[in-house]
Amino acid sequence: AEIAYALGYALTDGGPDKEIFSDLSARKLGSPEVIKDHVARIYESAITGNQKRKGKAERVLRFFQEYFGYQGATDIFKDGTRHPGHNPRPSDLIKDTDLLILHILKEDKQVLKELLTTEIAFMRHVPTRPGWETIGSYNISKKQVREENLISGEKNRNNQRYVMRLSGQRAGILSQPSWLTAHSTNFDNDPVKRGKWIYEHLLGGVIPDVPITVDATVPEDPDKTLRERFHKTNDSYCMKCHQKMNPLGMAFEMYDDVGRFREKELLRDNKTWVGVDSSGGIVESHVSGLDGPVDNALELMDKLANSSHVRQVFVRHAFRYWMGRNETLSDSPTLIAADKAYVENGGSMKALLVSLLSSDSFLYRKDHDFRQLTKD
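Pasting the structure below:
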């Protein structure tokens, strides 16, 4: 019965269905092959089914929401007076990113690579939302939609949905306004927050918390760019950690703090336009051939998306989410098998989850000697 409920709630919020209960009654849930069939069936139903029905896709989508952290966009206040005509609606930006993720999951091909490098972006309305106001130096308008075919319309039940193709400007979830807003401050980009996320979630490293003796405030100076103001972190003591984060985060200076693509930035004196420097790099990844400079976020994402190490880190995060714990040495066979299943099935998220949720790590748990725990 525990396996039935664990399996039922692993991918949806709907719990075990009649097919699982039927195999439970027939005592078939002890077979990994039967469990694999259930996982594949439930996954297909969750991803391709009606998202409005209870229990559909919540758990799978929630993994990506928590992994990328783009839902945090609702917690970042943006002053609309700093951006004329800008009316922040971060919850809508989150829904746009949800649509993109579900689209990639339905395709189920090279999922991680697509999540990091896709040049398409979903919107549910035109005129566009905050963060989508510009393509290059042009404002998006309905006229451009028709004449330049920048956006193609796709109808669904509730909204008019649009797909943008943004070659040379955007690449994957980390270039979505939702992620960029969530990983920013109220008034600026946040290279540290962005770099720390990449270093920990994609490169699998660890950055310690800021020491209590350190003043982490970025100096205010309306005549300097954010990169110039970050020279404060060049102190040798600070660079022990900042050399790992700053180059990763600075590659996203090609977007402003509400996620709009830009080639120039206006200094805070509101008088001077300067070219944006989006150069960055990967430092101390401890992965052979991965370290090195990049020209911008697009090049960075391409480099990371093609790394087997980054893929294995992603598999590890999936393991932790669905197992509800960190991996141990005894889980090595499960992680190796899950990564192999993902690769051999063309980067399939379904294959990855089928492997994880039919593994011994998911189906069995170790007995604990509670007498010894009490004694200790």
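Residue numbers (this note's numbering): 1309 to 1684. We put the CB at the ideal spot given by N, CA and C, even for glycine.
**OP:** Can you tell me which of A1312, E1427, P1530 and T1521 puts its alpha carbon nearest to the alpha carbon of F1495?
**Re:** The option with the nearest alpha carbon to F1495 is P1530.
**OP:** Pull up the distance between the alpha-carbon of K1689 and that of S1615, whole angstroms please.
**Re:** This structure does not reach residue 1689, given that the chain is present from 1309 up to 1684, and the question cannot be answered.
Original post:
Among the residues of its own chain, which have a CB less than 7 Å from the CB of S1492, if the five just before and after it don't count?
Top reply: Result list for S1492: I1384, D1498 and D1565, in chain order.
**OP:** Confirm, please, whether the CB-CB distance from L1664 to A1646 is below 8 Å.
**Re:** Cβ atoms of A1646 and L1664: closer than 8 Å.
Original post:
Which parts of the stretch 1494-1580 are runs of the alpha helix (DSSP H), unbroken and 4 residues or longer, counting only runs that do not cross its ends?
Top reply: Runs of the alpha helix (DSSP H) inside the stretch 1494-1580: 1499-1509, 1534-1537 and 1544-1558.
Original post:
In three-state terms, what does DSSP make of V1591?
Top reply: Coil, per DSSP.
Original post:
CA-CA distance, I1328 and F1622?
Top reply: Rounded to whole angstroms, I1328 to F1622 spans 29 Å at the Cα level.
**OP:** State yes or no: is the C-beta of I1590 within less than 8 Å of the C-beta of P1641?
**Re:** Pairing I1590 with P1641 gives a Cβ-Cβ distance that is not under 8 Å.
Original post:
Does the Cβ of V1582 have 16 or more other Cβ atoms within 10 Å, making it buried, or fewer, making it exposed?
Top reply: Per the 10 Å Cβ criterion, exposed.
Original post:
Does DSSP classify F1385 as helix, strand or coil?
Top reply: F1385 falls in the coil class under three-state DSSP.
**OP:** Would you kindly report the start and end of the unbroken alpha helix (DSSP H) that includes I1343?
**Re:** Where I1343 is concerned, the enclosing alpha helix (DSSP H) stretches over P1340 to T1356.
**OP:** Please check if any C-beta of chain B sits within less than 8 Å of the C-beta of D1531.
**Re:** Judged by its chain identifiers, the structure shown contains no chain B, having just a single protein chain.
Original post:
Can you tell me the Cα-Cα spacing of L1413 and V1662, whole angstroms?
Top reply: If I take the Cα positions, the gap works out to 14 Å.
Original post:
Which class does S1492 belong to by DSSP, given the choice of helix, strand or coil?
Top reply: In the three-state reduction of the DSSP assignment, S1492 falls in the strand class, which pools E and B.
**OP:** Tell me whether E1310 is buried or exposed, calling it buried when 16 or more other Cβ atoms sit within 10 Å of its Cβ.
**Re:** It is exposed - the Cβ of E1310 has fewer than 16 other Cβ atoms within 10 Å.
Original post:
Near D1406, what residues of its chain come up, given a Cβ to Cβ distance below 8 Å and the 5 sequence neighbours on each side ignored?
Top reply: By the criterion of a C-beta distance shorter than 8 Å, D1406 is surrounded in its chain by L1369 and Q1373, once the five residues flanking it on both sides are discounted.
Subject >> Own chain, CB closer than 8 Å to A1348, minus 5 neighbours either side, in chain order >> reply: Excluding residues up to 5 positions away in sequence, K1658 and V1662 lie with their Cβ nearer than 8 Å to the Cβ of A1348 in the same chain.
Original post:
Do you know how far the Cα of I1644 is from the Cα of T1580?
Top reply: Cα to Cα, T1580 sits roughly 53 Å from I1644.
**OP:** Take the Cβ of D1523 as the centre, count every other Cβ of all protein chains shown within 10 Å, and call the residue buried at 16 or more, exposed below.
**Re:** Exposed is the call here.
Original post:
Tell me which same chain residues have a C-beta within less than 8 Å of the C-beta of D1585, skipping the five on either side of it?
Top reply: For D1585, where only same-chain residues beyond five positions count, the Cβ hits under 8 Å are T1533, R1535, M1558 and E1561.
Original post:
Looking only at its own chain, which residues have a Cβ that is under 8 Å from the Cβ of R1619, when we skip the five neighbours before and after it?
Top reply: Within the same chain, R1619 has close Cβ partners L1420, D1647, Y1650 and V1651.
**OP:** Report the three-state DSSP secondary structure of N1447 (helix, strand or coil).
**Re:** Annotation note: pLDDT 46 at N1447 (below 50); position unreliable, coordinate value reported separately. The answer is strand: DSSP assigns N1447 an E or B state.
Original post:
For Q1551, which residues from the same chain have a beta carbon less than 6 Å from its beta carbon, with the 5 sequence-adjacent residues on both sides left out?
Top reply: Excluding five sequence positions before and after Q1551, the CB atoms of its chain that fall closer than 6 Å to its own CB belong to V1591, given in chain order.
Subject >> Proximity winner among R1624, Q1484 and R1473, relative to A1381 (alpha-carbon distances) >> reply: It is Q1484.
Original post:
Which two residues bound the contiguous alpha helix (DSSP H) that contains P1601?
Top reply: Run containing P1601: none in the alpha helix (DSSP H); it sits in the beta strand (DSSP E), G1600 to V1602.
Subject >> Collapsed DSSP secondary structure at G1380 in the structure displayed >> reply: In the structure shown, G1380 sits in a helix (DSSP, three-state: H, G or I).
Original post:
Can you give the Cα-Cα distance for V1595 and H1617, rounded to whole angstroms?
Top reply: V1595 and H1617 have their C-alpha atoms roughly 7 Å apart.
**OP:** Would you grab the beta carbon distance between A1613 and L1424 for me? Rounded to a whole angstrom, and I think it's under 8 Å.
**Re:** Contact between A1613 and L1424 holds, since their C-beta atoms are separated by about 4 Å, short of 8 Å.
Original post:
Shortest alpha-carbon distance to D1610 belongs to which of A1479, E1341 and D1387?
Top reply: Comparing C-alpha distances from D1610 to each of A1479, E1341 and D1387 shows the shortest one belongs to A1479.
Subject >> DSSP three-state assignment for V1584, whether helix, strand or coil >> reply: In this structure, V1584 counts as coil in the three-state DSSP scheme.
Subject >> For A1659, the residue or residues it bridges with in DSSP >> reply: Paired residue(s): none; A1659 is not in a bridge.
Subject >> Inter-residue Cα distance where the pair is K1504 and P1324 >> reply: If I take the Cα positions, the gap works out to 38 Å.
Original post:
Buried or exposed: where does S1667 fall if 16 or more other Cβ atoms within 10 Å of its Cβ makes it buried?
Top reply: A residue is called buried once 16 or more other Cβ atoms fall within 10 Å of its Cβ, and S1667 is buried on that count.
**OP:** Just grab the DSSP bridge partners of R1473 for me.
**Re:** R1473 is bridged to I1428.
Subject >> Y1672 in three-state terms, based on DSSP >> reply: In the three-state DSSP reduction, Y1672 falls in the coil class, being neither helix nor strand.
Subject >> Beta-carbon gap between I1402 and S1486 smaller than 8 Å >> reply: Between I1402 and S1486, the C-beta gap is smaller than 8 Å, which places the two residues in contact.
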